[in-house]
Amino acid sequence: MIGFLLVGLLLSWGCVNLSSRLVDGQVDGSKALAGAIFHYLDTKDSEEADRLLKDIQAHPNVSIERVADIIRAGRVYGPQPTGMFPEEQVVVRGRIYPLSLSIPDTYDPSKNLGLVICLHGAGFTGDVYLERWRGRLGEGYLLACPTYPSGAWFTRQAEELVLATIHDLRTRYHIDSERIVLTGMSNGGIGTWLIGMHHAPLFAGIAPMASGLDDVLMPFLANLRNTPIYIIHGAKDQVMPVELSRTISRELDALGYSHVYREHEREHPMAGGHYFPKEELPDLVMWLNSQRRGPLPSRLTVVREASHFQSFSWLRLESTDLITAFSEDLVDQRDERTRRREYAKLDASIVETNRIEVRAERVRRYSLFLNDRMVDVSKPVTVVTNGEVSFEGVVTQSLETLLRQARLRQDPQELFPVQLMITIPHRP
Numbered sequence: 033m034i035g036f037l038l039v040g041l042l043l044s045w046g047c048v049n050l051s052s053r054l055v056d057g058q059v060d061g062s063k064a065l066a067g068a069i070f071h072y073l074d075t076k077d078s079e080e081a082d083r084l085l086k087d088i089q090a091h092p093n094v095s096i097e098r099v100a101d102i103i104r105a106g107r108v109y110g111p112q113p114t115g116m117f118p119e120e121q122v123v124v125r126g127r128i129y130p131l132s133l134s135i136p137d138t139y140d141p142s143k144n145l146g147l148v149i150c151l152h153g154a155g156f157t158g159d160v161y162l163e164r165w166r167g168r169l170g171e172g173y174l175l176a177c178p179t180y181p182s183g184a185w186f187t188r189q190a191e192e193l194v195l196a197t198i199h200d201l202r203t204r205y206h207i208d209s210e211r212i213v214l215t216g217m218s219n220g221g222i223g224t225w226l227i228g229m230h231h232a233p234l235f236a237g238i239a240p241m242a243s244g245l246d247d248v249l250m251p252f253l254a255n256l257r258n259t260p261i262y263i264i265h266g267a268k269d270q271v272m273p274v275e276l277s278r279t280i281s282r283e284l285d286a287l288g289y290s291h292v293y294r295e296h297e298r299e300h301p302m303a304g305g306h307y308f309p310k311e312e313l314p315d316l317v318m319w320l321n322s323q324r325r326g327p328l329p330s331r332l333t334v335v336r337e338a339s340h341f342q343s344f345s346w347l348r349l350e351s352t353d354l355i356t357a358f359s360e361d362l363v364d365q366r367d368e369r370t371r372r373r374e375y376a377k378l379d380a381s382i383v384e385t386n387r388i389e390v391r392a393e394r395v396r397r398y399s400l401f402l403n404d405r406m407v408d409v410s411k412p413v414t415v416v417t418n419g420e421v422s423f424e425g426v427v428t429q430s431l432e433t434l435l436r437q438a439r440l441r442q443d444p445q446e447l448f449p450v451q452l453m454i455t456i457p458h459r460p
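All the letters of the sequence shown, read from the start, carry residue numbers 33 to 460 under this note's numbering.
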């Protein structure tokens, strides 16, 4: 997940020292509160996090509004080296993965910039893609090209690597939360689909190239309701048949999701039709430049199997009927539930002020996360699930909920002081 790192402010202090200063007022109150908040969001020590949470709540001038404003305002970033860095590293669960970076020479830590994550194909590495992409994006983007063995981006470990890469870069560089884009070629394009679908609220857009999806994964395309998509595929591709992308495009049309589909006739002397032609570049970069994430859409659709229950913007599944559970290599095994595509699904809309309507399939319990930008928290909220009222009343805001969700999500635009857990009556 995305981290919050406070550069040069209080992080060198011990937790006890920080806490005592926060409560005793020995340093400026605003800086002390901000320092404690970002330290709480960043620390990997759960016991330290619990102590800091109590200290923040005990601060004499703390409030939900003030904490939210501090997190949204962000931190002060320090200077960082710029240029090409082909031999960086990311650590995931104790394992080291290579990471290649390109930081624009014009990078100014006081200004944010977009982030493009590019996933390589089988037989390639991130540093090779770094060379290819560096000159394509201009000065408005930080480019990150992680390397995963054999280009197996369809595994859970690869998914964690991409998320950890974003986390690491957001701790060091001033990244625009609304301009994070995921792209990839061949196997990297498959990873772009899978990671993009499961974590759609994170991205301003996804751009898979020369790739495709197994038919049992097609239902997860519904998660991309609010995520722009740019597909490129060669008509003469002999590695990944073009029909793979054509099928996805038809499925997106059936869902009513707008997307760009580019099919080219070009062939490379070595790769045949399985490549990304430079002639396609200007339109793709123009598309990238126009994308901005909308962090709080009024309608969400989320499809989940049993190993991906993390929050999806302001929705989270809590409990379901028996559904498919993917393995570490996602769909490398096919049980009967997978073949029947037995997944859980929520479709939720804020249809009018303080009224939320939800359709649920194979869901027993789910949570809604709300804030004052979505509903009027001073007035009753009505939640209707599958045509029946499942909640009606004034919601309760909690500073603890806001902080815990901010620490869990690591996204300065997803700040929720309200959690409503809805239980759906079971009917045979």
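Glycine included, each C-beta is placed from N, C-alpha and C at the ideal position.
The Cβ atoms of L431 and V123 do not sit closer than 8 Å to each other. The beta carbons of G305 and A267 sit about 7 Å from each other, so the pair counts as a contact at 8 Å.
Taken atom to atom, the span from the alpha-carbon of T179 to that of Y161 is near 10 Å. Counting along the chain, T414 sits inside the beta strand (DSSP E) bounded by residues 413–417. Taking the CA atoms as reference points, V426 sits about 48 Å from S243. Taking I355 as the centre and dropping the five residues before and after it, the same chain places the C-beta of E337, A338, R369, E374, Y375, A376, R394 closer than 7 Å to its C-beta, in chain order. Taking the Cα positions, V407 is about 12 Å away from V415. Taken in chain order, the unbroken stretches of alpha helix (DSSP H) that lie wholly in the region 203–239 and span 4 residues or more are 219–230. The beta carbons of Y398 and E350 sit closer together than 8 Å.
Note on the region 296–348: whole alpha helix (DSSP H) runs with a minimum of 4 residues are 313–322, in chain order.
As summarised for the region 95–181, the continuous beta strand (DSSP E) elements at least 3 residues long and confined to that stretch are 115–124, 127–135, 145–151, 173–178, given in chain order. Remark: C-beta atoms of L145 and G167 do not approach each other more closely than 8 Å. DSSP, read as helix, strand or coil, puts K76 in coil.
For L287, the enclosing alpha helix (DSSP H) begins and ends at 275–287. Comparing alpha carbon positions, the residue from L65, S132, T224, T114 closest to P260 is T224. Within the DSSP bridge table, the entry for T197 names no partner.
Distance from R396 to T352 at the Cβ level is roughly 6 Å; contact confirmed, criterion being Cβ atoms closer than 8 Å. S345 and P327 have their C-alpha atoms spaced approximately 7 Å apart. Closest by C-alpha distance to S330, out of E389, R202, L195, S78, is E389.
For T455, the enclosing beta strand (DSSP E) has its first and last residue at 450–455. Under the Cβ criterion (8 Å, minimum of three pairs), the region 319–326 counts as touching the region 211–219.
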